[in-house]
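Each residue of the sequence shown is one higher than the one before, starting from 6 at the first, in the working numbering.
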Amino acid sequence: MPMTIPTLCGGGASPTSGDMEDVFSSQWEDASVRHAFIRKVYSILTAQLAFTFSVVAVFTYVEEVKKFVINYPGVYWASLVLYFMVYCILLCCKGPRRRFPWNFVLLGVFTLALSYLAGAISSYYETKAVLLAMGITAVVCVAVTVFCFQTKVDFTSCGGLLCIAAILLMIIGIVTAVVLSFQYVAWLHMLYAAIGAVVYTLFLVYNTQLLIGNRELSISPEEYIYGALALYVDIVHIFMFILQVSGAATE
6 MPMTIPTLCG GGASPTSGDM EDVFSSQWED ASVRHAFIRK VYSILTAQLA
56 FTFSVVAVFT YVEEVKKFVI NYPGVYWASL VLYFMVYCIL LCCKGPRRRF
106 PWNFVLLGVF TLALSYLAGA ISSYYETKAV LLAMGITAVV CVAVTVFCFQ
156 TKVDFTSCGG LLCIAAILLM IIGIVTAVVL SFQYVAWLHM LYAAIGAVVY
206 TLFLVYNTQL LIGNRELSIS PEEYIYGALA LYVDIVHIFM FILQVSGAAT
256 E
């Protein structure tokens with residue numbers, strides 16, 4: 006009797022050899038497309054992170070730049086305003102599908118804005134704290150990537166919980182800012198930064214599993230710029246939150 010494969014034929018008639026070849030060919034093509042998509046995402050992500058941490062190194066190691074940022078706080082506030090402006094523009098341009106050059110222009114402008122913000126924040130911390138934050142961020146990213154490719158737990162179904170966590174993080178941040186404006190409390194600052202690092206690590210797990218494509222939800226292979234941008238935002242925010250923890254610890 007011919008061998009039946011319920012997972013492929015769904016309990017119907019037994020597939021012929023030609024049908025089986027078409028099925029396995031389709032699966033192989035899907036896997037090849039997904040692997041090419043992942044390579045594109047991580048190639049773009051590597052270029053973004055290399056540029057960002059180069060900017061951070063300039064703000065950290067060049068004493069003239071570091072002192073200028075510290076002496077003129079407007080540089081930091083300008084970087085914050087620029088980041089939010091570019092972020093809002095990016096949200097407005099996300100609806101209609103854009104052509105290839107325009108996507109990369111937006112990606113480059115956003116990378117420049119977030120790199121400027123990360124560099125300005127790094128200027129207020131000691132070099133040891135910045136290097137420690139970079140090392141911990143690298144370890145976290147590698148561990149998350151390995152975990153996502155190995156685990157069978159599906160985090161893509163937890164998008165609602167992550168949105169709630171992001172809202173709670175924003176509320177805690179506002180409360181912390183109000184409290185710290187009256188009196189600096191080191192443990193409160195470290196607690197908020199630690200919670201932020203955990204929340205964005207969960208976002209990194211979620212977005213990484215969206216790239217893999219073998220979960221409940223996945224990103225289309227055409228959206229490789231969005232995939233790289235999502236991972237990039239998560240990693241840089243993890244770095245900035247860990248930097249706050251390491252900076253407060255070294256102080």
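Cβ coordinates follow ideal geometry from the N, Cα and C atoms, glycine included.
Two segments are said to touch when three or more pairs of C-beta atoms, one from each, lie closer than 8 angstroms; by this definition the segment 118-138 touches the segment 233-246. For G201, the enclosing alpha helix (DSSP H) has its first and last residue at A191 to I217. Per the C-alpha coordinates, the member of A134, T132, S84 and Y211 positioned closest to G165 is Y211. Between the segment 76-96 and the segment 107-118, the count of Cβ pairs shorter than 8 angstroms is three or higher; the stretches touch. In this structure V86 is exposed. Its beta-carbon is surrounded by fewer than 16 other beta-carbon atoms within 10 angstroms. Straight-line spacing of the CA atoms in A118 and Y88 works out to 5 angstroms. Within the same chain, and ignoring the five residues on either side of T132 in sequence, the residues whose Cβ sits closer than 6 angstroms to its Cβ are T65. For I75, the enclosing alpha helix (DSSP H) starts and ends at E68 to N76. For T156, the secondary structure class from DSSP, reduced to helix, strand or coil, is coil. Counting only the Cα atoms, T156 lies some 43 angstroms from V80. With the rule of 3 Cβ pairs closer than 8 angstroms, the segment 227-234 counts as touching the segment 46-63. At a Cβ-Cβ threshold of 7 angstroms, T181 and Y197 count as neighbours. In this structure, S127 places its C-beta atom within 7 angstroms of the C-beta atom of V61. Taking the Cβ atoms as the reference, V149 lies roughly 7 angstroms from T206, within the contact range of under 8 angstroms. Put simply, of A199, C153 and P226 the residue whose alpha carbon is nearest the alpha carbon of V46 is P226. By the criterion of a C-beta distance shorter than 8 angstroms, K71 is surrounded in its chain by F64, T65 and S128, once the five residues flanking it on both sides are discounted.
In the DSSP annotation of this structure, the continuous segment of the alpha helix (DSSP H) that includes C97 starts and ends at G79 to C97. For I43, the CB contacts under 7 angstroms within the same chain, skipping 5 residues up- and downstream, are L216 in chain order. Rounded to the nearest whole angstrom, the C-alpha separation of A199 and V151 is 22 angstroms. DSSP places S223 outside both helix and strand once states are collapsed to three, so it counts as coil.
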